[in-house]
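Below is one structure, written out as structure tokens; the observations come after it.
In this note's numbering, the protein residues as written are 49 to 179.
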């Protein structure tokens with residue numbers, strides 16, 4: 049899911065006023081649009097059987113909230129190919145993703161460590177279809 053924008057709850061808890069200010073922040077809105085645009089490009093590469101965009105919505109957590117969209121799609125590609133094509137998120141690397149990865153490689157001396165990723169359990173069902 050394209051996720052961006054972080055609203056940290058104030059110590060006294062979130063208020064309607066501060067939440068509305070966050071949602072109305074142009075920087076936050078444009079950042080989410082950039083991330084959705086990048087991930088839609090990825091989806092167009094792998095989602096040959098169509099897809100939909102759901103959102104935007106607020107993803108609430110214990111101490112903060114993020115704005116996000118959900119991209120749903122279907123593909124005839126092997127799941128490993130889909131994972132390879134969609135592994136790098138614009139929220140982590142920057143945009144456009146391929147150029148941002150080149151810049152990271154050129155200017156960052158060490159690895160960024162594990163702060164984003166994916167976990168997948170790949171297999172086949174009883175009929176031999178990928179799961």
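We treat Cβ as the ideally placed atom computed from N, Cα and C, and that holds for glycine.
Please state if the CB of residue j and the CB of residue i are separated by a distance shorter than 9 angstroms.
i	j	result
residue 105	residue 87	no
residue 94	residue 63	no
residue 114	residue 66	no
residue 143	residue 85	yes
residue 68	residue 77	no
Can you grab the Cα-Cα spacing for the pair residue i / residue j, in whole Å?
i	j	result
residue 158	residue 165	17 angstroms
residue 59	residue 128	43 angstroms
residue 155	residue 109	33 angstroms
residue 75	residue 120	26 angstroms
residue 168	residue 177	16 angstroms
residue 150	residue 61	40 angstroms
residue 79	residue 153	23 angstroms
residue 103	residue 131	23 angstroms
residue 148	residue 140	10 angstroms
residue 56	residue 160	23 angstroms
residue 116	residue 107	7 angstroms
residue 89	residue 81	12 angstroms
residue 122	residue 162	28 angstroms
Quick test of your reading: residue i and residue j, contact by CB under 8 angstroms. State the CB separation rounded to the nearest angstrom.
i	j	result
residue 97	residue 124	6 angstroms
residue 100	residue 50	That belief does not hold up - the Cβ atoms of residue 100 and residue 50 are roughly 13 angstroms apart, past 8 angstroms.
In chain order, what residues of the same chain have a beta carbon less than 7 angstroms from the beta carbon of residue i, not counting five sequence neighbours either side?
i	result
residue 54	112, 114
residue 173	179
residue 145	86, 136, 138
With hydrogens ignored, establish whether the beta-carbon of residue i is closer than 8 angstroms to any heavy atom of the ligand ZN.
i	result
residue 146	Annotation note on the ligand ZN: not contained in the displayed structure, which lists no ligands.
For residue i, collect the residues of the same chain with a Cβ closer than 8 angstroms to its Cβ; drop the 5 residues on either side in sequence, then sort them by chain order.
i	result
residue 126	178
residue 170	127, 128, 178, 179
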